[in-house]
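The structure appears right after this line, and notes come after that.
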Amino acid sequence: MADCARLWRRRADPFDHLSCRSGATIAPGDQWLGAGDGHNAVFQLTKRYGDYARTITKAHGGTVRAAVNGVEQTEALDFVVELITGTIIFRPEKIPPAGAAVTAGFGFDVPARFDTDRLTISIKSFRAGEIPSIPIIEVKA
Numbered sequence: 001m002a003d004c005a006r007l008w009r010r011r012a013d014p015f016d017h018l019s020c021r022s023g024a025t026i027a028p029g030d031q032w033l034g035a036g037d038g039h040n041a042v043f044q045l046t047k048r049y050g051d052y053a054r055t056i057t058k059a060h061g062g063t064v065r066a067a068v069n070g071v072e073q074t075e076a077l078d079f080v081v082e083l084i085t086g087t088i089i090f091r092p093e094k095i096p097p098a099g100a101a102v103t104a105g106f107g108f109d110v111p112a113r114f115d116t117d118r119l120t121i122s123i124k125s126f127r128a129g130e131i132p133s134i135p136i137i138e139v140k141a
């Protein structure tokens with residue numbers, strides 16, 4: 001048996017790992033992040049499911065596209081992305097003005113862990129094995 005209790009991973013949920021609907025391409029207007037106030041430079045990536053907003057903390061590098069009032073901004077020039085926290089930070093001269101719509105599109109992983117302390121593994125023959133089940137659950141913040 002393999003000890004799995006401490007193994008935490010980032011997983012791309014094959015059914016929900018993009019800011020857009022399945023089969024679409026990531027776009028800077030996919031998700032509403034908030035409205036500018038002329039002072040706040042930091043916006044949390046979120047994905048909305050009707051009335052529920054899911055905080056995204058594990059964005060995929062190179063996938064985040066942000067817009068202010070529908071105008072796409074340029075990563076590194078206008079904003080930076082904190083991939084571990086899922087925040088975008090606008091440069092001081094690019095802070096969204098009061099009332100400006102801030103949106104973003106992105107890919108993301110889901111923090112997950114094994115749902116068991118041990119996995120049963122069977123070695124049937126040389127270089128061949130079998131793992132009947134690998135239960136994985138999302139780690140909620």
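No gaps in the numbering here: position 125 of the sequence shown is 125 in UniProt numbering, and each next residue is one more.
Ideal Cβ positions, reconstructed from N, Cα and C, are used throughout, including at glycine.
query                                                                                                                                                             : result
Would you kindly report the start and end of the unbroken beta strand (DSSP E) that includes Arg65?                                                               : 65-68
Would you report the Cα separation of Arg65 and Thr74, rounded to the nearest angstrom?                                                                           : 8 Å
Starting from Arg54, trace the beta strand (DSSP E) in both directions and tell me its first and last residue.                                                    : 52-55
Looking only at its chain, what residues have a beta carbon closer than 7 Å to the beta carbon of Phe108, apart from the 5 residues adjacent to it on each side?  : His17, Ile56, Lys58, Ala59, His60
Rounding to the nearest angstrom, what Cα-Cα distance links Asp117 and Val110 in this structure?                                                                  : 20 Å
So, for Thr87: in the same chain, excluding its five sequence neighbours on each side, which residues have a beta-carbon less than 8 Å away from its beta-carbon? : Val42, Phe43, Gln44, Leu45, Val81
Buried or exposed for Asp30, please, with buried defined as at least 16 other CB atoms from any protein chain shown within 10 angstroms of its CB.                : buried
Give the DSSP bridge partners of Ile88, in chain order.                                                                                                           : Phe43, Val81
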